[in-house]
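Everything in the sequence shown is counted per the numbering used here, starting at -7 for the first residue and increasing by one. Step one of this worksheet: look at the structure below.
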Amino acid sequence: MYSKCRSIEYAIMVFKERASRDVILWNSMILGCCHNYKGREVLKCFGLMEDEGIKPDHVTFRGVLHACTYEGFVELGRQYFDSMTNEYGIIPRLEHYECMIELYSQWAYMDELENFVKNMPFDPTVPMLTRVLDACRRHGCLRLGQWAAQRLNEKSF
């Protein structure tokens, strides 16, 4: 609650006073830091959470991937995305794929974006394709932009 009111320092103080912290409380702290654009704090919380033996869930990774986007940690974001399945047995959800598209798009990793979006285990959604098309426009990636535009046209019929 405090973090949503931009009182992240108070939220951290309350969090630290808790003797017992479960994944829900950790996720609240992680998402609170995300809400306040404190990406490095998110990653620090994630490390501390693991140190305490708390297993992350899909909500945790949504926050971690957003943090990587805020901070421009593209390779680290990819490592976290891969670790969801490889280390934690968590199947990425739509929102995790959206986070990765945003990460690659925002930081102009266009080759990685193309490879990622074309190899997803499902067809990209209209918002995903729109984000890809926008990134292509901003970063001058004609080939991928044409592909995204064609896919958008197919979905509109």
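Idealized CB from N, CA, C, for every residue including glycine. Computed from a prediction, not measured in an experiment: that's the story for all the values here.
Inter-residue spacing [alpha-carbon to alpha-carbon] between S97 and Q71: 17 angstroms
Which of helix, strand or coil DSSP assigns to K36: helix
C-beta contact flag for G31 and F65 at 9 angstroms: yes
Sub-9 angstroms separation of M21 and L57 beta-carbons: no
Coil, strand or helix - Y114 by DSSP: Reading off the sequence shown, one finds Phe at residue 114, where the question assumed Tyr. The answer is coil: DSSP assigns F114 none of H, G, I, E or B.
Nearest neighbour of F108, chosen from E90, G81, P119 [CA to CA]: E90
Given S75 as reference, the closest of L95, E63, H50 once Cα atoms are compared: H50
Enclosing alpha helix (DSSP H) for A141 [first to last residue]: 134 to 147
Exposed unless 16 or more other CB atoms sit within 10 angstroms - verdict on E94: buried
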